[in-house]
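So the sequences go chain by chain: U and X. Residue 189 in full-length UniProt numbering sits at position 189 of the first sequence, and the numbers go up by one each step. Residue 166 in full-length UniProt numbering sits at position 166 of the second sequence, and the numbers go up by one each step.
Number of protein chains: 2
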Amino acid sequence: MARPRAFDEHHVLERAREQFWATGYAGTRMDDISRATGLGKGSLYGAFGDKAGLFHRVFDDWCTAVVEVAREHLTGGPDAEALDRLSGYVHLMAENSASDTERRGCLLAKGAAELAHQDPAVAGRSAEAMRALLALLRTEISAAQRHGDIDRDADPEALAALLLTVVRGAEAVGKAGLAPEALRTVANTALGLLPLTGGRRRRVTERGPSGEDQGDTP
Amino acid sequence: MARPRAFDEHHVLERAREQFWATGYAGTRMDDISRATGLGKGSLYGAFGDKAGLFHRVFDDWCTAVVEVAREHLTGGPDAEALDRLSGYVHLMAENSASDTERRGCLLAKGAAELAHQDPAVAGRSAEAMRALLALLRTEISAAQRHGDIDRDADPEALAALLLTVVRGAEAVGKAGLAPEALRTVANTALGLLPLTGGRRRRVTERGPSGEDQGDTP
DNA sequence: TCAGTTGTGGAATGGATCGTCCATAACGTA
DNA sequence: TACGTTATGGACGATCCATTCCACAACTGA
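Structure (structure tokens):
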């Protein structure tokens, strides 16, 4: 009963995200979102409460997506390929940061930077995402250790925290203006320094034509 | 001739920085700054132009300070202590991020996150700071290689980029909510994975009571 | 001491912005 | 088809905010 919504909520959130992503929370006007989505203020406020509510919804969805990407790339395969999955994920994230020529960065980082200090909901949600990413990385590192690719004596929690820091750090330094090639190098360097065992051991930090791919992962 | 300024510019910039740091660029009102500094609008605009000008000034000073801290910790010593200087710097930065319980993060990261996409001045200044930090780290890594502490075959540029990413990444994940102990661990892990030589080789990634300091640097 | 110049604080201004309100539209149900 | 309910969109009100303006203060040089 009653009139049904004429808009696709998912589509509206997507447009709203574009706005918040480009100009931040405080820098985005509800009129911008109204124009970008084609929705009138009445519908916007009726559906999402207020500006903060809309942002929380967008931010929450983004955090979910970030963790989901990690989950897709890191889980669901044999231990024998765990190291390749880790490598693939780290390279993918570095490539994302490197190819972000517009310097928009990641909304998770941007939102946390702008609001974590003032908004407990944002602070909590971003912290939850960090914990989830850390857990996914730790699980894969343990898998690679089980298969003997990574030194069994290494602390998986510590290595996971390092890789998470490298991935998020690449985003940060990329946004701050470090050259894209340098970001790709960072992924190679970090992966090359992991305490690998036997046949997996490599020396990706050797001098040479910089930025070349070691060919182990896309 | 003419009436002299009654305020200390340095002091005013300090207070303005506190405001921008806490609430970001768009989230800070000139009234806030007027109240925080005790300066009337007339003086504020007379001295700094407008809001953007004031922010640029604050941001520029902050970037200078960030690079200066690195310079103080990384330069001016014998090659024999280069590795210790690197270790000290990375630990210091991680500790800074870990002890930032208010989640304010670093103004360099916060400003770049909010404005790099829209403001070329901010984008340029942050990129310049990144290049300067990278150069300082590379120089010290080369010094440690000359002295034989770090593997001479390693690419100093790549290792510098990695350490920069770890340092800035620690700030980012800390702001996003990763546990402070994890940040301290990250510094140890990253330093422990550097391709050290002979007597300098350590195994800081071994499992054990997590977060313990290896005792090599404050 | 007087004139000229620059600094100071806060009121005033004009435009932007969040959120509300309301007349109307679109649907299910009786 | 008539009615109750929810959606829509844009005008509107109240506030906020960056910037300007101005009357006055403080200082220097003559």
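Glycine included, C-beta positions come from ideal geometry on N, C-alpha and C.
Nearest-angstrom Cβ-Cβ length linking residue i and residue j, presumed shorter than 8 Å
| i | j | result |
| --- | --- | --- |
| VAL129/X | VAL66/X | Note on identity: in this sequence residue 129/X is Ala, with Val being the wrong assignment. Indeed they touch by this definition, with Cβ atoms about 6 Å apart. |
| LEU39/U | VAL12/U | 6 Å |
Distance, residue j Cα to residue i Cα
| i | j | result |
| --- | --- | --- |
| ARG152/X | VAL166/U | 23 Å |
| ILE141/U | ILE150/U | 7 Å |
| GLY77/U | GLY24/U | 38 Å |
| ALA187/X | LEU86/X | 11 Å |
| ALA36/X | GLU181/U | 43 Å |
| ALA132/U | LEU163/X | 24 Å |
| HIS56/X | GLY177/U | 17 Å |
| LEU134/U | LEU108/X | 25 Å |
| LYS175/U | PRO120/X | 12 Å |
| SER126/X | ARG71/X | 16 Å |
| ALA80/U | VAL90/U | 17 Å |
| GLU157/U | ALA16/U | 36 Å |
| ASP31/X | ALA47/X | 15 Å |
| GLY148/U | GLU14/U | 43 Å |
| GLY111/X | THR139/X | 27 Å |
| ARG168/U | THR189/U | 15 Å |
| ALA26/U | ALA22/X | 13 Å |
| SER97/U | LEU183/U | 7 Å |
| THR101/X | ARG3/U | 48 Å |
| ALA170/X | PRO195/U | 21 Å |
| ALA144/X | ASP84/X | 9 Å |
| ALA113/X | LEU115/U | 12 Å |
| GLU9/U | ALA94/U | 31 Å |
| GLY49/U | CYS106/X | 32 Å |
| ILE33/U | VAL58/U | 12 Å |
Among the options, nearest to residue i - alpha-carbon criterion
| i | options | result |
| --- | --- | --- |
| LYS51/U | LEU39/U, ARG29/U, GLU68/U and TRP21/U | ARG29/U |
| LEU159/U | GLY177/U, LEU137/U, ASP32/U and ALA47/U | LEU137/U |
| HIS117/X | GLU9/U, ARG3/U and GLN19/U | GLN19/U |
| THR185/X | ARG168/U, ARG184/U, ASP155/U and THR197/U | ASP155/U |
| GLY53/U | LEU92/U, ARG146/U and VAL122/U | VAL122/U |
| LEU92/U | ARG104/U, HIS73/U and ALA82/U | HIS73/U |
Burial state of residue i (16 or more Cβ within 10 Å)
| i | result |
| --- | --- |
| THR75/U | exposed |
| PHE7/U | exposed |
| GLY124/U | exposed |
| GLY42/X | exposed |
| ARG5/X | exposed |
| GLY198/U | exposed |
- Query: What are the residues of the segment 101-123 of chain X that lie near chain U, defined by any Cβ-Cβ distance shorter than 8 Å?
  - Reply: Going along the segment 101-123 of chain X in chain order, one finds GLU102, ARG103, ARG104, GLY105, LEU108, ALA109, LYS110, ALA112, ALA113, GLU114, ALA116, HIS117, GLN118 and ALA123 with a Cβ nearer than 8 Å to chain U.
- Message: Against chain U, which members of the segment 159-174 of chain X pass a CB distance test of less than 8 Å?
- Response: Within the segment 159-174 of chain X, the residues whose Cβ lies closer than 8 Å to some Cβ of chain U are LEU159, ALA161, LEU162, LEU164, THR165, VAL166, VAL167, ARG168, GLY169, ALA170, GLU171, ALA172 and VAL173, listed in chain order.
- Query: At a Cβ cut of 7 Å, what residues of the segment 73-99 of chain X count as close to chain U, listed as they run along the chain?
  - Reply: Listed in chain order, the positions of the segment 73-99 of chain X with a beta carbon within less than 7 Å of a beta carbon of chain U would be empty, since no residue qualifies.
- Message: At a CB distance below 7 Å, what residues from the segment 175-193 of chain U approach chain X? Give them in sequence order.
- Response: Listed in sequence order: LYS175, ALA176, GLY177, LEU178, ALA182, THR185, VAL186, THR189, ALA190 and LEU193.
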